[in-house]
Amino acid sequence: MKRSRFVTVMMVAGFLFLYLPIVLMIVFSFNESRLVTVWGGFSTKWYGELMRNEQVLGAAWLSFKIAAMNATGATILGTITGLALARFGRFRGRPLLTGLATAPLVMPEVITGLSLLLLFVAMEQLIGWPEGRGVTTITIAHMTFSMAYVTVVVQSRLATLDESLEEAAMDLGARPAKVFFLITMPIILPAICAGWLLAFTLSWDDLVITSFVTGPGSSTLPVVIFSKMRLGVSPDINALATILVLVVATFTALFGIWMQRQQKRRDLDMQRAIATNE
Amino acid sequence: MQGGGPRGKPFLLGELLAWIRAHGPWRWASAELSARGYSGRTLVTAVPYLWLLLFFLVPFLIVLKISVSEIRLAMPPYEPLFTWISDNVVGLRINFENYAFLLKDSLYWKSFLNSISTAAISTVICLLIGYPMAYGIARSPAGWRNLLLLLVMLPFWTSFLLRVYAWIGILKNNGVINNVLMALGIVDEPIVMLQTNFAMYIGIVYSYLPFMVLPLYTAVEKLDNSLLEAAADLGCRPVKAFFRITVPLTKAGIIAGCMLVFIPAVGEFVIPALLGGPDALMIGRVLWEEFFNNRDWPVASAVAIVMLFVLVIPIMIYQRSQGQQLGAHR
Numbered sequence: 014m015k016r017s018r019f020v021t022v023m024m025v026a027g028f029l030f031l032y033l034p035i036v037l038m039i040v041f042s043f044n045e046s047r048l049v050t051v052w053g054g055f056s057t058k059w060y061g062e063l064m065r066n067e068q069v070l071g072a073a074w075l076s077f078k079i080a081a082m083n084a085t086g087a088t089i090l091g092t093i094t095g096l097a098l099a100r101f102g103r104f105r106g107r108p109l110l111t112g113l114a115t116a117p118l119v120m121p122e123v124i125t126g127l128s129l130l131l132l133f134v135a136m137e138q139l140i141g142w143p144e145g146r147g148v149t150t151i152t153i154a155h156m157t158f159s160m161a162y163v164t165v166v167v168q169s170r171l172a173t174l175d176e177s178l179e180e181a182a183m184d185l186g187a188r189p190a191k192v193f194f195l196i197t198m199p200i201i202l203p204a205i206c207a208g209w210l211l212a213f214t215l216s217w218d219d220l221v222i223t224s225f226v227t228g229p230g231s232s233t234l235p236v237v238i239f240s241k242m243r244l245g246v247s248p249d250i251n252a253l254a255t256i257l258v259l260v261v262a263t264f265t266a267l268f269g270i271w272m273q274r275q276q277k278r279r280d281l282d283m284q285r286a287i288a289t290n291e
Numbered sequence: 345m346q347g348g349g350p351r352g353k354p355f356l357l358g359e360l361l362a363w364i365r366a367h368g369p370w371r372w373a374s375a376e377l378s379a380r381g382y383s384g385r386t387l388v389t390a391v392p393y394l395w396l397l398l399f400f401l402v403p404f405l406i407v408l409k410i411s412v413s414e415i416r417l418a419m420p421p422y423e424p425l426f427t428w429i430s431d432n433v434v435g436l437r438i439n440f441e442n443y444a445f446l447l448k449d450s451l452y453w454k455s456f457l458n459s460i461s462t463a464a465i466s467t468v469i470c471l472l473i474g475y476p477m478a479y480g481i482a483r484s485p486a487g488w489r490n491l492l493l494l495l496v497m498l499p500f501w502t503s504f505l506l507r508v509y510a511w512i513g514i515l516k517n518n519g520v521i522n523n524v525l526m527a528l529g530i531v532d533e534p535i536v537m538l539q540t541n542f543a544m545y546i547g548i549v550y551s552y553l554p555f556m557v558l559p560l561y562t563a564v565e566k567l568d569n570s571l572l573e574a575a576a577d578l579g580c581r582p583v584k585a586f587f588r589i590t591v592p593l594t595k596a597g598i599i600a601g602c603m604l605v606f607i608p609a610v611g612e613f614v615i616p617a618l619l620g621g622p623d624a625l626m627i628g629r630v631l632w633e634e635f636f637n638n639r640d641w642p643v644a645s646a647v648a649i650v651m652l653f654v655l656v657i658p659i660m661i662y663q664r665s666q667g668q669q670l671g672a673h674r
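As given, the protein sequences belong to chains A and B, one line each in that order.
Under the numbering used here, the residue at position 115 of the first sequence is numbered 128, and the numbers go up by one with no gaps.
Under the numbering used here, the residue at position 72 of the second sequence is numbered 416, and the numbers go up by one with no gaps.
1) What did DSSP end up calling Phe55/A once you bin it into helix, strand or coil?
2) Which residues bound the alpha helix (DSSP H) around Thr92/A?
3) Where do the ends of the alpha helix (DSSP H) carrying Asn432/B lie?
4) Identify which residue in Asn83/A, Pro248/A, Leu63/A, Leu98/A has its Cα closest to the Cα of His155/A.
5) Mapping DSSP to helix, strand and coil, what is Tyr422/B?
6) Using CA atoms only, rank isn't needed, just tell me which of Thr164/A, Gln273/A, Val123/A, Phe193/A is closest to Leu178/A.
7) Is there a Cβ of chain A sitting closer than 8 Å to that of Trp363/B, yes or no?
8) Please name the residues in the stretch 58-79 of chain A whose beta-carbon is closer than 9 Å to at least one beta-carbon of chain B, in chain order.
9) Chain A beta carbons: is any one of them nearer than 8 Å to that of Asn490/B?
10) Between Gly527/B and chain A, is the shortest Cβ-Cβ distance under 8 Å, so that the two count as touching?
11) According to the Cβ coordinates, are Pro499/B and Leu259/A closer than 8 Å?
12) In whole angstroms, what separates the C-alpha of Asn522/B from that of Leu553/B?
13) So with CB distances below 7 Å, who are the chain B contacts of Gln276/A?
14) Would you say Met24/A lies against chain B (beta-carbon separation less than 8 Å)?
15) Once you ignore the five residues that flank Thr115/A on each side, which residues in its own chain have a CB closer than 8 Å to its CB?
16) Which residues of the stretch 589-612 of chain B have a Cβ closer than 8 Å to any Cβ of chain A? Give them in chain order.
17) Could you tell me which residues DSSP puts in a beta bridge with Ile415/B?
18) Curious, which full-length beta strand (DSSP E) runs of at least 3 residues does the stretch 430-479 of chain B contain?
19) Helix, strand or coil for Asn518/B? Go by DSSP, reduced to three states.
20) Would the C-beta of Val260/A count as close to the ligand GDP, meaning under 7 Å from any of its heavy atoms?
21) Just verifying my parser: in three-state terms, what is the DSSP assignment at Asn638/B?
22) Counting only C-beta atoms, is Ile514/B closer than 8 Å to chain A at any point?
23) Return the CA-CA distance between Arg674/B and Phe104/A, expressed in angstroms with no decimal places.
24) So is Ala575/B in contact with chain A if we call contact Cβ pairs under 8 Å?
25) Strictly below 9 Å CB to CB, what residues from chain B border Ala97/A?
26) Under 7 Å between beta-carbons, which chain A residues line up against Leu618/B? List them in chain order, please.
27) Can a CB atom of chain B be found closer than 8 Å to the CB of Ile151/A?
28) List, in chain order, every chain A residue whose beta-carbon is nearer than 7 Å to that of Leu401/B.
29) Examine the Cβ distances between the stretch 115-135 of chain A and the stretch 180-196 of chain A and report whether three or more of them are shorter than 8 Å.
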């Protein structure tokens with residue numbers, strides 16, 4: 014069925030709407046003028062200024078550490094949850110787990126942030142942990158909401174997969190843990206990696222929840238950017254945005270290509286396996 | 345497949361597991377636990393389960409508790425709910441003042457209504473823009489589809505904050521739009537767009553559009569074309585066929601997309617704070633200010649509980665549609 018002209022025009026307009034602001038932001042990061050949107054000639058001086066900004070660099074490093082820890086933890090928790098929901102059949106408490114695992118996806122961030130902070134405060138009163146707020150509380154908070162995304166990614170990948178390979182391994186006497194590490198995990202590895210990257214960017218990006226659960230001295234990059242933004246637009250934020258967008262675009266593109274290759278190879282392997290059996 | 349062969353990682357992990365199983369307390373513990381009726385599955389599932397209970401469910405109970413506490417000038421700034429009156433008697437003080445306060449002060453219910461209507465209008469605009477996009481992508485040549493889909497997802501992977509920021513440069517008084525309009529001589533004075541409701545709608549639609557397109561695409565892609573062809577053969581006009589066939593069959597995607605936009609948009613803080621005017625009363629912003637500026641934790645908690653109450657039905661609708669979509673694959 015062919016696309017009508019109306020649909021094509023709307024689609025192109027939609028993509029322009031999505032990308033024009035980003036393109037303009039990149040263009041103006043090379044603007045000599047401090048006025049940001051009034052062109053004053055080509056310059057890379059804002060990039061140099063950014064590289065000398067200790068506050069921004071420190072915040073970026075802190076954000077990177079938290080994002081990496083969060084992504085690893087969230088991937089482990091999310092993969093288990095996805096596996097449980099997709100493969101363990103009906104078990105006691107499954108409906109509650111489904112609810113708990115998908116609610117953070119849509120829960121407004123102000124609610125999640127406030128409730129986690131109140132939990133941390135109450136826990137500190139009761140058991141003395143976590144002591145104050147900072148990297149630990151931010152990482153726990155991020156893991157809680159980003160594991161939901163990993164769960165969805167892993168669960169939907171498992172839902173499209175045939176269980177017969179896993180069942181065959183079980184029939185041949187492999188124990189569940191062995192089946193997971195030898196069969197299931199290699200097959201869903203692209204989904205697990207996608208989940209890790211997603212959890213990383215969610216954490217790297219988060220402002221609202223972090224603002225609630227952060228403490229003195231641990232300002233992540235979004236917190237620093239937000240406080241700069243409230244003072245108005247400034248060209249070095251454009252430069253920072255450009256770097257971030259280009260890095261993410263490159264990684265996403267590379268990962269997309271890798272995942273497609275991986276997918277093709279698996280499909281081919283499967284076909285071959287079926288062909289040799291027949 | 346003895347040991348996993350050339351694939352490095354599974355092989356190593358398999359060996360490691362075998363070693364742990366052969367040695368150490370793992371074996372003893374597993375025997376002990378299975379004797380008590382706990383399987384490995386139960387134990388593995390228990391980890392994320394307990395995590396979510398502790399860090400997602402329990403916090404809501406604490407918010408509920410603090411929303412009925414009294415404010416005090418100390419850290420933490422609320423009175424304890426339970427007090428030991430004597431050795432065996434526990435005093436319980438529940439205080440509904442905070443909720444009464446929300447009802448009395450028109451600021452709160454006005455911002456609730458405003459948030460809901462802003463989120464609803466933004467959702468409709470997202471649907472109107474997102475549906476043709478999703479439809480167009482699904483009807484593109486197979487080779488293009490993945491690229492276009494990646495292009496929809498890419499902004500989602502880049503910073504939300506910076507994408508909102510990009511619009512400040514476009515909408516402000518000496519921003520891109522006004523510069524172009526004034527250079528063309530269409531307007532003499534810059535049009536005030538930043539810090540208006542218009543800017544807020546643009547920000548919400550722009551930020552949440554990918555969330556609308558992705559579930560819609562999944563639904564449209566699964567659509568059976570022969571149904572539309574049959575309708576056309578029987579003389580059904582395309583517009584009618586669209587509303588009688590395409591829309592009902594992609595209902596799951598429409599619901600999922602709308603909920604993914606509507607629910608977070610109701611509690612949105614960043615967009616109203618950066619793009620909306622000072623009078624843009626959004627409940628997420630009210631909660632933020634109550635908490636950070638007024639340091640009134642009990643009232644902020646009460647706002648959160650009421651917001652949750654408002655959103656419970658949309659969240660349940662979303663979870664049902666999500667379950668159906670995941671179930672449909674099998």
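Note that CB positions come from ideal geometry on N, CA and C, so glycine has one too.
The model shown is predicted, which means the values in this text are computed figures rather than measured ones.
A quick look at the data gives this:
1) strand
2) 67-100
3) Taken as a continuous stretch (DSSP letters only), Asn432/B belongs to no alpha helix (DSSP H), as it is neither H nor E.
4) Asn83/A
5) strand
6) Phe193/A
7) no
8) none
9) yes
10) Per the sequence presented here, residue 527/B reads as Ala, with Gly not at that position. Cβ-Cβ to chain A under 8 Å: no for Ala527/B.
11) no
12) 25 Å
13) The premise fails here: Gln276/A is roughly 10 Å from chain B at the closest Cβ pair, so nothing lies under 7 Å.
14) yes
15) Ala161, Thr164, Val165
16) Met603, Leu604, Ile607, Pro608, Val610, Gly611, Glu612
17) Tyr422/B
18) 434-436
19) coil
20) What this structure holds is no ligand at all, so the ligand GDP is not there to describe.
21) coil
22) yes
23) Any answer about Arg674/B is weak, because its pLDDT of 39 lies below 50 and its placement is not dependable; what the coordinates show is given next. Cα to Cα, the separation comes out at about 18 Å.
24) no
25) Arg385, Val388, Thr389, Pro392, Tyr393
26) Met242
27) no
28) Leu113
29) no
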